[in-house]
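Structure record follows, encoded as structure tokens.
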Amino acid sequence: MKNFLKRRSVIAFIITCLLGMFAPMLMSGYPSDIVGAPFSRPIWWNTQLPASCEFNVTAEGVSFEWTKLPPAIFSLNGQVRAEAKKEVNIIWQTPQKKYLLSSLKGQNVYWINIDARDMVFKQSIGVPLIGNGAAHLFPCAGKYSLIIQNADTASLKLMLPGGRQELLGTDQRGRDVLWLLIYGIRTSLVIGIAATLIACLLGLGFGLAAGYIGGITDALVMRTVDVLLSIPTLPILMVLAGIWGKGLWQLVLILSIFSWMGTARSVRSMVLTVRESPWIESLKALGAKRSYILWRHLVPETAPIMLANIALGVPGAILSEAGLAFLGLSDPRLISWGRMLHEAHSFGAFTEGAWWLLLPPGIGIVAVCLIFMDMGRYLEEQIDPRLSGDKNA
Amino acid sequence: MRRSWLLRRIVSSLIVLAVVLVLNFILFRIMPGDAVSTIIDPNFSPEAKARLRQLYGLDKPILQQFFIYIKQMLTFRFGLSFLSRRPVWDELISRLPSTMVLMSSSMILSAVLGIWLGIRAALNRGKFTERLVLRAGAVTSSFPSFFIQLVLLMLFARTFKIFPLRGSLSVPPPSGVIEVVADYVWHMALPVLSLTVMGFGGWALYVRNLMVRALGEDYVLMAKARGLSEHDVVYGHAFRTILPPILTILLMSVPGLVSGAVITESVFSLHGVGTFLLEAVSGNDYPSAGAAFYLLALITVTCNLLADIVYGVVDPRVRIEGHNE
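Just so you know, the sequences run in chain order X and D. Counting in numbering that gives the first Met the number 0, the first sequence runs from 0 upward without gaps. Counting in numbering that gives the first Met the number 0, the second sequence runs from 0 upward without gaps.
Below you can see the structure in the form of structure tokens.
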């Protein structure tokens, strides 16, 4: 047990669990918050692209140096107050040209909502309608300023989401990939562990029943196992997910229904050997009840098998969940690694070359699976020392 | 003796098929709502609704529906698709070749590669070759298939632009038979290669274990003592004895390949049964989903049965034990 806790995979498992539990609490906001332009690169990748920046603009306007490529989005929104008879002009001064973004008259309060992606806005300032409007507003490096004429007070926000954002960039909706990745740990672990636990309990129950009661129960359970094993798994999971809905607990249930067979088989074979052993015979001779033998002797006897089965079953469940989510058969609101890959695949990560949408969730899935596989192998070797000796045979 | 063993295998396969059929029937009828609610607009007149129900046979008692359904499934007449309003069977048959090509070519390639590497590993025990083969196999087979495929797609279709991004034929398709075949091969290359890369590891490990055991047998020593060349010893004696389990595994790997094909077709947007099932499931097209699932189950069960039969034919011990059980 001491060696087990010192194992690297166990330490990694504990760290993953802690991350999954506590990291979402430490971060502010929600994973669905939009933090930047769609498909922004990770902040350390291609520093020619600008990082996101924001300016709070008052009536004095704002001016700044811009040396990088144009931002992905140019947006200005907020409120301007002025006397009704004066004409308020919002001017964007680039090193080459002046753009009159907006000219307002006749009110005391104006709500400004300008976005360079807006066709009407593009037409009004005279830039081509097709393509990135922000690129025309940032023609070259140099000094840029936003001037507000004749306003009494202004509280505007100039947002320039750049091509780089956060540690792992953003996805097609501008969400932070690192956030989604960390949030996905929770989903993967919950689904993997819950589905495997339920499956193992089902397997334990059926295995005990088949092995201990025997007779027709045994035949029935084992035929059911055979039948379930020969139905192609992914298609039936797809059909079930399509029919029963796609929520978290539906997925857990669906996955567990189709993964208890292996446990049932190994529990049954173990019970069959233990059932005939002398100490069970003597318990029977002493007049022990069937339930007593089952709960006090057979169930604890299966504990090591169950532990190894759980650890080895989790990767399968996580992979199945990821596969279903990748096919789009999961709740769109449920953030999971499979869902991230699905969205990357179906919403244009390939045309953008957005590798940062593929690698983090994929590596996450692989890492968690490897952790569980290593723990399971170790437990298996503890149960059956021949396995470790057999490795080099 | 032999006939009864064969009969038992066939009967148990038929039971599996029956369960699949019953599941298929029940699943699509216990779902929330109505089977035809996806095609019936609430604004339809009651007569129109009744006519649609009649068209899909939903006005009959449930038991009668069941028998009609069984008859349809056994004769491969799956009715009309809700989405395309075309016969499901026509749709399926147009997609079956693509899936079959994908599955069979990747199965053969990964088996050949894996067997060859497995034999190499067994012959070079304890050396670098063995470790390399086993490590590579373990790594490639523990990755989720769609992740590897997405990465390969990103690398070879997006960054280097060697292979196409999607589809099984160019749009518009090229003229001339040779061009079409070449185009098809070009489109299938990446899916098949990725499935091969992920499939060979299991084969290599399995064959290596079998070969190690076979090479330690007395008859191999005998063959060596007779002065046969290494090639003859390995392929003529040792390999021949491990053929029966290899044949069985070849057929037993089909269920996994079915799952792999569904995912692969979806990654590469191929026109196959897997994408058909996915479209049907996500579009609530129940006749099509049921038919596609039934077809995939049929393939799986048939291959399992074939695996048993082949194993029984090449290894008589199975038949006898099966009989005595």
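Where is the CB? At the ideal position from N, CA and C, for every residue including glycine.
Residue i - DSSP class collapsed to helix/strand/coil
i, result
"X:D389", "Note that X:D389 has pLDDT 46, beneath the 50 cutoff, so the model's placement of it is unreliable and the number below is only indicative. It is helical."
"X:N76", "strand"
"D:G321", "For D:G321, the pLDDT reaches just 47, beneath the cut-off of 50, and the residue's location in the model is therefore unreliable, although a value from the coordinates is still provided. Here D:G321 sits in helix by DSSP."
"X:C52", "strand"
"X:Q92", "strand"
"D:F267", "coil"
"X:L100", "strand"
"X:R414", "Examination of residue 414 of chain X is not possible in this model, given that chain X is present from 0 through 392 alone."
"X:A153", "strand"
"D:G136", "helix"
"X:M26", "coil"
"D:L149", "helix"
"X:F12", "helix"
"X:Q171", "coil"
"X:K142", "strand"
"X:S123", "helix"
"X:F63", "strand"
"X:D43", "First, the amino acid is wrong: residue 43 of chain X is Trp here, not Asp. Reduced to three states, the DSSP call for X:W43 is coil."
"X:I33", "strand"
"X:I113", "strand"
"X:I147", "strand"
Nearest-angstrom Cβ-Cβ length linking residue i and residue j, presumed shorter than 8 angstroms
i, j, result
"X:L207", "X:V251", "Contact flag wrong, Cβ pair sits at about 23 angstroms."
"X:R222", "X:W44", "The pair is not a contact, with the Cβ atoms about 56 angstroms apart (cut-off 8 angstroms)."
"X:Q78", "X:V108", "6 angstroms"
"X:L180", "X:V61", "About 35 angstroms; that fails the 8 angstroms criterion."
"D:L304", "D:R8", "6 angstroms"
"X:G246", "X:A36", "So it is not a contact: roughly 31 angstroms between Cβ atoms."
"D:H270", "D:R28", "Actually they do not touch by this definition, with Cβ atoms about 30 angstroms apart."
"D:F24", "D:I118", "About 47 angstroms separates the two Cβ atoms, so there is no contact after all."
"X:C139", "X:P94", "6 angstroms"
"X:M237", "D:L22", "With 8 angstroms as the limit, X:M237 and D:L22 do not qualify as a contact, their Cβ atoms being about 13 angstroms apart."
"D:D182", "D:P173", "5 angstroms"
"D:T247", "D:A306", "5 angstroms"
Cutoff 8 angstroms; reference residue i; Cβ partners in own chain excluding five residues on either side
i, result
"X:G191", "V313, P314, A316, I317, E320, V367, F371"
"X:R185", "G19, M20, P23"
"X:M26", "W178, I181"
"D:E90", "S80, S83, F275, S287"
"X:K5", "none"
"D:F75", "W88"
"X:I90", "K97, Y98, L99, L100, L145, I146, I147, Q148"
"X:H344", "F325"
Cβ shell of residue i (< 7 angstroms), same chain only, five flanking positions each side left out
i, result
"X:A400", "Residue 400 of chain X falls outside the range modelled here, since chain X spans only 0 to 392, and no answer is possible."
"X:A11", "I370"
"X:A310", "F371, M374, G375, L378"
"X:S144", "G60, V61, S62, Q92"
"D:S97", "S167, L269, H270, G271"
"D:V19", "Y293, A296"
"X:G183", "I334, S335, W336, M339, P360, G363"
"D:P86", "L79"
Beta-carbon contacts of residue i that lie in its chain and below 6 angstroms, excluding the five residues immediately before and after
i, result
"D:K223", "V232"
"X:S51", "G35, P160, G161, Q164"
"X:D330", "K245, G246"
"X:A194", "V251, L254, S255, A316"
"X:L233", "none"
"X:L228", "M260"
Within-8 angstroms CB hit, residue i to chain A
i, result
"D:L164", "Absent from the structure is chain A; the protein chains it does hold are X and D."
| Whole beta strand (DSSP E) runs in the region 169-245 of chain D with 3 or more residues, listed along the chain? | You should have found no qualifying run.
Quick one: which unbroken alpha helix (DSSP H) runs of 4-plus residues sit fully inside the region 38-120 of chain D? Chain order, please.
45-54, 61-73, all fully within the region 38-120 of chain D.
Checklist entry - the region 212-232 of chain X: which residues have C-beta closer than 8 angstroms to a C-beta of chain D, in chain order? => result So the list reads R222, D225, V226, S229, I230, P231, T232, given in the order they occur along the chain.
- Which ranges would you report for the alpha helix (DSSP H) in the region 242-301 of chain X if only whole runs of at least 4 residues count? As far as the region 242-301 of chain X is concerned, its whole alpha helix (DSSP H) runs of at least 4 residues are 247-256, 260-274, 277-284.
Residues within the region 251-269 of chain X neighbouring chain D, beta-carbon criterion of under 9 angstroms:
From the region 251-269 of chain X, no residue has a Cβ closer than 9 angstroms to chain D.
Residues, ordered as in the chain, of the region 290-307 of chain D that lie near chain X by beta-carbon distance below 7 angstroms
Sequence-ordered contacts of the region 290-307 of chain D with chain X read F292, L295, A296, T299, V300, N303 [C-beta pairs closer than 7 angstroms].
Mind checking the region 141-153 of chain D against chain X and listing, in chain order, the residues whose C-beta falls within less than 9 angstroms of any C-beta there?
Shown in chain order are the members of the region 141-153 of chain D whose Cβ falls below 9 angstroms from a Cβ of chain X: S141, F142, P143, S144, F145, F146, I147, L149, V150, L152, M153.
Checklist line | Cβ-based contacts, 9 angstroms cut-off: residues of the region 320-334 of chain X near chain D | finding: Flagged, chain order: A321, G322, F325, L326, G327, L328.
Exercise for review: Quick one: which residues of the region 170-204 of chain D get their C-beta closer than 9 angstroms to a C-beta of chain X? List them in chain order.
Suggested key: Within the region 170-204 of chain D, no residue has its Cβ closer than 9 angstroms to any Cβ of chain X.
- Selection of the region 361-390 of chain X by Cβ proximity to chain D, strictly under 8 angstroms: Residues G361, I364, V365, C368, L369, M372.
inquiry  = Beta carbons nearer than 7 angstroms to chain D: which residues of the region 292-323 of chain X have them?
reply    = Answer in chain order: L318, A321, G322.
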